[in-house]
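*Asks:*
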């Protein structure tokens, strides 16, 4: 067998919750391994985190223990199918598809997709789904709501409602990554435009305030000029006698008092 220098995914998950980027990277690695196996008509019969080996930096992801799997009838090998309780104990049952729980012989492509979906859900939220599945985005704010639909489709109770193949799931995941990447770029572009608009509005507001201020100053100056001109003209008006001349004229008209 190939020598793999890594640790089980269970060990990593027991220490910390993966970031969104790390969870997607590991999920993509799992799917790549499953697709390669399915193309050889080989299906994993106990897909769970303890059978996913990863490097410390999560750059290398390997789905291991395919010797515990089984081949499609008529495939290249035959052998005894081990149940999940024989392989991984009770804990492994959390990753079992509903149809496999009823009949272990039904493990196939859609069953592996269900198990991979449970692992992905656990990497995103820190727990395995149970009962009524809560949206991953509701358990982890870092998870975009667009991922919810992909995860829930993997976890559909009816195999016919899941992705028809791992290849189909990988295409949907790639398209979703492109959509999220484009959405982030659009948000950044929109933020840039909004910021420019806000700054432009601020500069326009400053210009308006300056125009109003200058207008008020001009009006005050005009009023002051008009008031000054009024008093100047009032004193120089023709026929208007100065106060002292008027008083002297009044005395000479009345004559001296006795």
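Residue numbers (our numbering): 13 to 270.
The beta carbon of each residue, even a glycine, is placed where N, CA and C say it ideally should be.
Can you tell which of 19, 46, 15 and 22 has its C-alpha closest to the C-alpha of residue 182?
*Replies:* For the purposes of this step, residue 182 is identified with residue 170 of the chain shown, where counting begins at 1. It is 46 whose Cα lies nearest to the Cα of residue 182.
*Asks:* Can the beta-carbon of residue 163 be found less than 8 Å from the beta-carbon of residue 133?
*Replies:* Along the chain shown, one-based indexing puts residue 163 at 151. Along the chain shown, one-based indexing puts residue 133 at 121. A contact, by the Cβ cut-off of 8 Å.
*Asks:* May I ask you to report which of helix, strand or coil DSSP gives residue 148?
*Replies:* Taking the first residue of the chain shown as position 1, residue 148 is located at position 136. It is helical.
*Asks:* Residue 25: which of 61, 76 and 54 sits nearest, CA to CA?
*Replies:* Walking along the chain shown from the start, residue 25 turns up at place 13. It is 61 whose Cα lies nearest to the Cα of residue 25.
*Asks:* Do you know whose CA, among 138, 189, 71 and 148, lies nearest residue 30's CA?
*Replies:* Locating residue 30 in the chain shown gives position 18, where the first residue counts as 1. Comparing Cα positions, the closest option is 138.
*Asks:* Given a threshold of 16 other Cβ atoms within 10 Å of its Cβ, counted over all protein chains shown, does residue 124 qualify as buried or as exposed?
*Replies:* Start at 1 with the first residue of the chain shown, and residue 124 comes out as number 112. So residue 124 ends up on the buried side.
*Asks:* Suppose you measure from the CA of residue 185 to the CA of residue 147; what does that come to, to the nearest Å?
*Replies:* By 1-based counting over the chain shown, the position of residue 185 is 173. By 1-based counting over the chain shown, the position of residue 147 is 135. Answer to the nearest angstrom: the Cα atoms are 17 Å apart.
*Asks:* Whole angstroms is fine: what's the gap from residue 155's alpha carbon to residue 35's?
*Replies:* Counting from one through the chain shown, the residue named residue 155 turns up at place 143. Counting from one through the chain shown, the residue named residue 35 turns up at place 23. Spanning the two alpha carbons is a distance of roughly 10 Å.
*Asks:* Answer yes or no: do residue 120 and residue 166 have a C-beta to C-beta separation smaller than 8 Å?
*Replies:* Taking the first residue of the chain shown as 1, we reach residue 120 at position 108. Taking the first residue of the chain shown as 1, we reach residue 166 at position 154. No, they are not a contact pair.
*Asks:* Using 10 angstroms around the beta-carbon of residue 49, count the other beta-carbons present and answer buried if the total reaches 16, otherwise exposed.
*Replies:* The residue labelled residue 49 in the question sits at position 37 within the chain shown. Residue environment for residue 49: buried (at least 16 other C-beta atoms within 10 angstroms of its C-beta).
*Asks:* State the Cα-Cα distance for the pair residue 32 and residue 65, rounded to the nearest angstrom.
*Replies:* Here residue 32 corresponds to residue number 20 of the chain shown, with the count starting at 1. Here residue 65 corresponds to residue number 53 of the chain shown, with the count starting at 1. When rounded, the distance between both Cα atoms is 19 Å.
*Asks:* Classify residue 157 as buried or exposed, calling it buried when 16 or more other Cβ atoms lie within 10 Å of its own Cβ.
*Replies:* The residue you call residue 157 lines up with position 145 of the chain shown. Residue 157 is classed as exposed because its beta carbon has fewer than 16 other beta carbons within 10 Å across all chains shown.
*Asks:* My output table needs one value for residue 58: the three-state DSSP class, helix, strand or coil.
*Replies:* Locating residue 58 in the chain shown gives position 46, counting from the first residue. When secondary structure is reduced to three states using DSSP, residue 58 falls in the coil class, being assigned neither helix nor strand.
*Asks:* Are the beta-carbon atoms belonging to residue 107 and residue 43 less than 8 Å from one another?
*Replies:* Here residue 107 refers to the residue found at position 95 when the chain shown is read from its first residue. Here residue 43 refers to the residue found at position 31 when the chain shown is read from its first residue. It is not a contact, given that the beta carbons lie outside the stated cut-off.
*Asks:* Helix, strand or coil for residue 140, going by three-state DSSP, please let me know.
*Replies:* Position 128 of the chain shown, counting from 1, holds the residue named residue 140. Coil, per DSSP.
*Asks:* Quick one: residues in its chain with C-beta nearer than 6 Å to the C-beta of residue 151, no 5 flanking neighbours on either side, listed in chain order?
*Replies:* Walking along the chain shown from the start, residue 151 turns up at place 139. Non-local C-beta neighbours of residue 151 in its own chain, meaning closer than 6 Å and more than five positions away in sequence, comprise 137, ordered along the chain.
*Asks:* Which one of 243, 21 and 190 has the shortest CA to CA distance from residue 71?
*Replies:* Here residue 71 refers to the residue found at position 59 when the chain shown is read from its first residue. Ranking 243, 21 and 190 by Cα distance to residue 71 puts 21 first.
*Asks:* Identify the continuous alpha helix (DSSP H) that holds residue 24 and give its terminal residues.
*Replies:* Residue mapping note: residue 24 aligns to position 12 of the chain shown, counting from 1. Its alpha helix (DSSP H) spans residues 21 to 27.
*Asks:* Got a sec? Which residues, its chain only, sit under 6 Å from residue 77 by beta carbon, not counting five neighbours each side?
*Replies:* As a position in the chain shown, residue 77 is number 65, starting the count at 1. The beta carbon of residue 77 sits closer than 6 Å to the beta carbons of 63 from its chain, once the five residues preceding and following it are set aside; these are given in chain order.
*Asks:* Between residue 122 and residue 174, how many whole angstroms is the CB-CB distance? I'm expecting something under 8 Å.
*Replies:* Position 110 of the chain shown, counting from 1, holds the residue named residue 122. Position 162 of the chain shown, counting from 1, holds the residue named residue 174. Right, the Cβ-Cβ distance comes to about 5 Å (below 8 Å), so this counts as a contact.
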